[in-house]
Amino acid sequence: MPYRRRDYFSQRFTREELVELLQRTGLSPRDLLSTRSRAYQALGLAEREVSEDELIDLMVQEPTLLRRPIVLIDNQVVVGSDRKRLAAALHGASRVR
Numbered sequence: 137m138p139y140r141r142r143d144y145f146s147q148r149f150t151r152e153e154l155v156e157l158l159q160r161t162g163l164s165p166r167d168l169l170s171t172r173s174r175a176y177q178a179l180g181l182a183e184r185e186v187s188e189d190e191l192i193d194l195m196v197q198e199p200t201l202l203r204r205p206i207v208l209i210d211n212q213v214v215v216g217s218d219r220k221r222l223a224a225a226l227h228g229a230s231r232v233r
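Using our numbering, you'd call the opening residue of the sequence shown number 137 and step up by one each time.
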């Protein structure tokens, strides 16, 4: 199956791209948030209220806040290393011609 790989450390997401991804998949910014990242800890995100807009802005500035990988297949998304969900999404994916 053809795919496009993106290293979002060297080719960062724009705010518009993240918003589009969230809208397309129905996810919230918290669904993409890596709570294990050093940036999450350093910014004290566990201890404070942060709006979804602020989270998006922080993810644009600091891509380590994004869980990896983010795999988008049609309008399904698999975030993180969930092999079962990824296999199910790949199995149900429409063919690309």
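Positions of the beta carbon are idealized from the N, C-alpha and C atoms, including for glycine.
Source: prediction; values computed, not measured.
- For residue 186, no alpha helix (DSSP H) encloses it, and the DSSP letter there is neither H nor E.
- DSSP places residue 177 inside the alpha helix (DSSP H), whose first and last residues are 174-178.
- Less than 8 angstroms separates the beta-carbon of residue 200 from that of residue 175.
- Put simply, the stretch 215-228 does not touch the stretch 173-187. Fewer than three CB pairs are less than 8 angstroms apart.
- For residue 194, the closest alpha carbon among the candidates 179, 145, 224 is that of 179.
- The Cβ atoms of residue 213 and residue 163 sit closer than 8 angstroms to each other.
- A distance below 8 angstroms between beta-carbons, with the five flanking residues on each side excluded, links residue 170 to the following residues of its chain, in chain order: 176, 200, 201, 202, 203, 204.
- C-alpha of residue 207 to C-alpha of residue 141: approximately 9 angstroms in a straight line.
- Residue environment: residue 154 is assigned as buried (16 or more neighbouring CB atoms within 10 Å of its CB, all protein chains considered).
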